[in-house]
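Step one of this worksheet: look at the structure below.
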Amino acid sequence: MQVSGTIVVILMAANVEAKIYERCDLAKKLEAAGLNGFKGYTIGDWLCMAHYESGFDTSFVNHNPDGSSEYGIFQLNSAWWCYNGVTPSENLCHMDCHELLNRHILDDIMCAKKVVSSESGMSAWDSWNQHCYGYDLSEWLRGCHMNAKPNKKIIS
């Protein structure tokens, strides 16, 4: 009984640092970090992708059949972008995957910028291809009182 109580306390402490962002709060964070127009993508692209990847939940972890895992609000993969101590990794963002699970998303954003700067761009995220690419993304900013750029990205 003592052990299970300790585990609950540890899990609760870990979740204190996590956050599920509200759409407009996240939009403002992304804009402040310079993502509006970065590599031709809009805040709408980022919001749409993050919604379908994690539901804006910084603590979200997804385990893949190949043994890799995806971490945080942008679901950055342990085989390529971060090191989790389990999966062999390129660790292209030079960071521990668990650093992607807290409410402080600047490191997540910096890593996601590296992903988008790669040849794949936002196509690196299947959810963006399925749910965001080619759609009117202005809905994602509705009610946020921002002057974000409209969706102008055309990918050939």
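Just so we're aligned: the sequence shown equals residues -18 to -1, 1 to 138 in mature numbering (1 follows the signal peptide of the UniProt record, and there is no 0).
Glycine included, every Cβ here is placed at the ideal spot set by N, Cα and C.
**Study point:** Length of the line joining the Cα atoms of Gly19 and Met77
**Key:** 25 angstroms
**Study point:** From Thr69, Ile55, Asp89 and Gly16, residue whose alpha carbon lies closest to that of Pro47
**Key:** Thr69
Point to revise | Through-space distance from Leu29 to Trp122, alpha-carbon basis | key: 7 angstroms
Exercise for review: With a cut-off of 8 angstroms on the beta carbons, I'd call Cys114 and Leu58 a contact; round off their distance for me.
Suggested key: Actually they are not in contact, since the Cβ atoms of Cys114 and Leu58 sit about 17 angstroms apart, beyond 8 angstroms.
Exercise for review: Following the continuous beta strand (DSSP E) through His45, name the residue where it begins and the one where it ends.
Suggested key: Val43 to His45
Point to revise | Alpha-carbon spacing of Lys95 relative to Ile55, whole angstroms | key: 13 angstroms
Exercise for review: Assign Asp108 to buried or exposed, taking buried as 16 or more other Cβ atoms, counted over all protein chains shown, within 10 Å of its Cβ.
Suggested key: exposed
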